[in-house]
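Mapping the sequence shown onto UniProt numbering, position 13 (from 1) lands on 13, and the numbers just tick up by one. Beta carbons: idealized from backbone N, C-alpha and C, even for Gly. First the structure, in the form of structure tokens, and then the observations on it.
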Amino acid sequence: MAKTKSKICQKCGLCGALLLNKSKEAIIKIKGNYLQSYKYFNNYIGEIKEFYKFKENIQKGGELIAKKLFGNGTKGFKFCVHIRRGDFIKIGQASKKQFTNKAINFLIPKLEKKFNQKNISIVLFGKDKNFINELEIDKKYKIYMPEINNSGVNMYFAINYCNSYLITASSSTFAWWIGFLMPEEVPIFYYNCHLECIHIKKKDYFLPKWKGINYNYLGKLKFV
1 MAKTKSKICQ KCGLCGALLL NKSKEAIIKI KGNYLQSYKY FNNYIGEIKE FYKFKENIQK
61 GGELIAKKLF GNGTKGFKFC VHIRRGDFIK IGQASKKQFT NKAINFLIPK LEKKFNQKNI
121 SIVLFGKDKN FINELEIDKK YKIYMPEINN SGVNMYFAIN YCNSYLITAS SSTFAWWIGF
181 LMPEEVPIFY YNCHLECIHI KKKDYFLPKW KGINYNYLGK LKFV
């Protein structure tokens, strides 16, 4: 099969997507960093979800965790929060406690009103348990912290059991793909990062239907 080499712009986005659309090759290999742009994939979401069908052992792993956490209450409304710390701390892109706290308390009343839900549960995904345990969340909400060590199981669980989703570390590629693969009706929110996200072109990176949340120096939140 013939190989095609094309120079795609440094920051992923529309120019690269247009080049791909013009190519007649069956398979194209792209080299580069930060290629998460919905403009590359949005027209093929159905096909991509077919590729992402999870193996039976991954599905069973996710279902087992859901049963352990929720028992027979798997149908309740679940607001999921993705938290990324670890290696992101050194590069200034980690989830921030102040934003995470405020965003959870900012979004839940809006979700309760929109979906007419009175008993929303909160599911916190993340490996930094000290960070998670220090979050100040109203104790009237049921909070779950699933222990998931397999990334495939983690992704399956989030895609199939979350009714809404918040990305607190916007540069996390794993969080981005979870959001991209979620059902169409799931509302997705993200931290509208500033200096820490200069390496991505936000208008190409985040899907238009996702809602960004601004967090200013006074600690106030508002939708973008």
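Here N214 is bridged, per DSSP, to K222. Counting other Cβ atoms within 10 Å of its Cβ, P208 stays below 16 and is therefore classed as exposed. By alpha-carbon distance to Y190, the top candidate from N105, Q117, V224 and G71 is V224. Remark: C-beta atoms of Y156 and G62 approach each other more closely than 8 Å.
With distances taken between CA atoms, I122 lies nearest to Y165 out of R84, I89, Y165 and K90.
For the pair I58 and V153, the Cα-to-Cα distance works out to about 5 Å. Of E184, W210, K222 and S172, the smallest CA-CA separation from H199 is found for S172.
According to DSSP, residue pairing for V81 in a beta bridge involves L124 and L166. Taken through DSSP and simplified to helix, strand or coil, Y191 comes out as strand. Burial of D204 is indicated by the presence of at least 16 other C-beta atoms within 10 angstroms of its C-beta. Around the Cβ of N42, a 10 Å sphere holds fewer than 16 other Cβ atoms; the residue is exposed. Across the structure, I108 and N149 are spaced so that their CA atoms are roughly 27 Å apart.
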